[in-house]
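Here the structure comes first, spelled out in structure tokens, and everything after it is commentary.
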Amino acid sequence: MHWLINSEIWIGLISLTALEIILGIDNVVFISLLAGKLPEGQQSRARRVGLFLALLTRIVLIFSLTWVIGLTTPIINIVGKNLSGRDLILIGGGLFLLAKSTLEIHNNLEGIDGHANKRVSPSFASVIFQILILDVIFSLDSVITAIGMVEQIGVMIAAVSIAMVLMLISAESISSFVTRHPTIKILALSFLLLIGMSLTMEGLHLPIHKGYIYFAMGFSIFVEMINLRIRARKVVDPIQLRRHYTVENISVE
168 MHWLINSEIW IGLISLTALE IILGIDNVVF ISLLAGKLPE GQQSRARRVG
218 LFLALLTRIV LIFSLTWVIG LTTPIINIVG KNLSGRDLIL IGGGLFLLAK
268 STLEIHNNLE GIDGHANKRV SPSFASVIFQ ILILDVIFSL DSVITAIGMV
318 EQIGVMIAAV SIAMVLMLIS AESISSFVTR HPTIKILALS FLLLIGMSLT
368 MEGLHLPIHK GYIYFAMGFS IFVEMINLRI RARKVVDPIQ LRRHYTVENI
418 SVE
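Shown next, in the form of structure tokens:
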């Protein structure tokens, strides 16, 4: 039960849960949009099933990637460094987060509003299938982020589970908060850049102590809370981030 008094585990759990919630907002929004194509009586059930599948997908990927990361036998030598399967996964995951977060920041600030142009059969099975595919896509950065932030698999699963439960209970209010304060989402994407660099360096055998990462994230959040408090006293319209999909653009048969 030493984990009860291990401050690093608690900091990792709280930080990862908060980050998973912010990064999971788009997943919840897309699930809601797809569920909205169904008859009203099936929409709530589709949202619950969608979020359950999202949680299940993340847990399966956590176990899968954690097993792969356990492969420590060197298999390739690059620039004088013997890299194992674990190292290659960490480097690949880090580069993936760096690329994805950079593209997401660009799309949110300088991209164009997206338009959903596919018509979907309003059957429950077809919508759930699309949600499942969507969950796999959204789970990659979520799981890689978890691996980059904490080392204990139990903490990873606990964080994504808590995040999913909170989003299931209060998805609308959380989404509304992030919409009103778009800098929160940009800050979360910036954290992905930090975690992506950390994973890449660890894969190259140049690890960055996670305490530095937690401090940088915590200090950034502290500064942002001050900014939000100051803005609350002023009548200032926030920046409107671009959205990949908008409700009015979704075609419903």
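Under the numbering used here, think of the first position of the sequence shown as 168, with each following residue one higher. Cβ atoms here follow ideal geometry from the backbone N, Cα and C, with glycine treated the same way.
Should residue i go down as buried or exposed, given a rule of 16 or more other Cβ atoms within 10 Å for buried?
i                 : result
serine 340        : exposed
leucine 373       : exposed
lysine 248        : exposed
glycine 378       : exposed
serine 231        : exposed
valine 327        : buried
serine 182        : buried
phenylalanine 197 : buried
valine 345        : buried
glycine 385       : exposed
isoleucine 311    : buried
Leaving out the 5 sequence neighbours to the left and right, which residues in its chain are closer than 8 Å to residue i when beta-carbon positions are compared?
i             : result
serine 251    : Leu238, Thr239, Thr240, Pro241, Ile242
glutamate 391 : Thr350, Ile351, Leu354
Would you say residue i touches the ligand SAM, meaning its beta carbon is less than 7 Å from a heavy atom?
i              : result
isoleucine 245 : Annotation note on the ligand SAM: not contained in the displayed structure, which lists no ligands.
If distances are taken between C-alpha atoms only, which option among the options comes closest to residue i?
i              : options                        : result
serine 365     : Arg347, Ile178, Leu257         : Leu257
serine 293     : Glu175, Ala185, Ile188, Ala202 : Ala202
glycine 217    : Leu228, Val227, Asn194         : Asn194
glutamate 277  : Ala330, Ser211, Ile353         : Ile353
isoleucine 306 : Ser387, Phe358, Ile198, Thr224 : Position check: residue 306 holds serine in this sequence, whereas isoleucine was assumed. Here the closest residue by C-alpha is Thr224.
serine 479     : Ile300, Ala313, Tyr381         : Examination of residue 479 is not possible in this model, given that the chain is present from 168 through 420 alone.
serine 387     : Phe291, Ser357, Arg214         : Ser357
arginine 347   : Arg398, Ile298, Leu333, Ile393 : Arg398
aspartate 302  : Trp177, Ile236, Phe219         : Phe219
serine 268     : Ile298, Leu299, Ile300, Ala355 : Ala355
isoleucine 320 : Trp234, Leu205, Ile393         : Trp234
threonine 350  : Leu228, Ile393, Ile176         : Ile393
glutamate 271  : Ile375, Val390, His376, Leu360 : Leu360
isoleucine 245 : Trp177, Leu371, Ile314         : Leu371
serine 199     : Gly259, Gln297, His376         : Gln297
lysine 295     : Met368, Leu395, Ser211, Ile226 : As written in the sequence, residue 295 is isoleucine, which differs from the lysine given in the question. It is Ser211 whose Cα lies nearest to the Cα of isoleucine 295.
leucine 255    : Ala325, Val227, Leu395, Thr367 : Thr367
How many whole angstroms separate the CB atoms of residue i and residue j, which I take to be in contact at a CB cut-off of 8 Å?
i           : j              : result
glycine 191 : serine 309     : 7 Å
alanine 313 : isoleucine 375 : The Cβ separation is near 17 Å, so there is no contact.
With a threshold of 6 Å on Cβ separation, who are the neighbours of residue i within its own chain once the five nearest residues in sequence on each side are excluded?
i             : result
serine 288    : Confidence in serine 288 is poor, its pLDDT being 49 and thus under 50, which makes the residue's placement too unreliable to answer from.
glycine 363   : Gly261, Leu264, Leu265
arginine 253  : Ile236, Leu238, Thr239
histidine 273 : none
glutamate 148 : This structure leaves residue 148 out entirely; the chain is present only between 168 and 420.
Sorted by chain position, which residues of the same chain lie with C-beta nearer than 7 Å to residue i's C-beta, five sequence neighbours on each side aside?
i                 : result
valine 156        : Nothing can be reported for residue 156: it is not among the residues displayed for the chain, which extend from 168 to 420.
alanine 330       : Thr184, Glu187, Ile188, Gly191
phenylalanine 291 : Leu205, Gln209, Ala213
methionine 334    : Ile188, Gly191, Val195, Leu218, Ile341
leucine 299       : Leu220
tryptophan 177    : none
alanine 325       : Leu180
Ignoring anything shorter than 3 residues, give me the beta strand (DSSP E) runs that lie fully in the segment 214-294, in order along the chain. Counting only runs of 3 or more, we get 241-245, 248-251.
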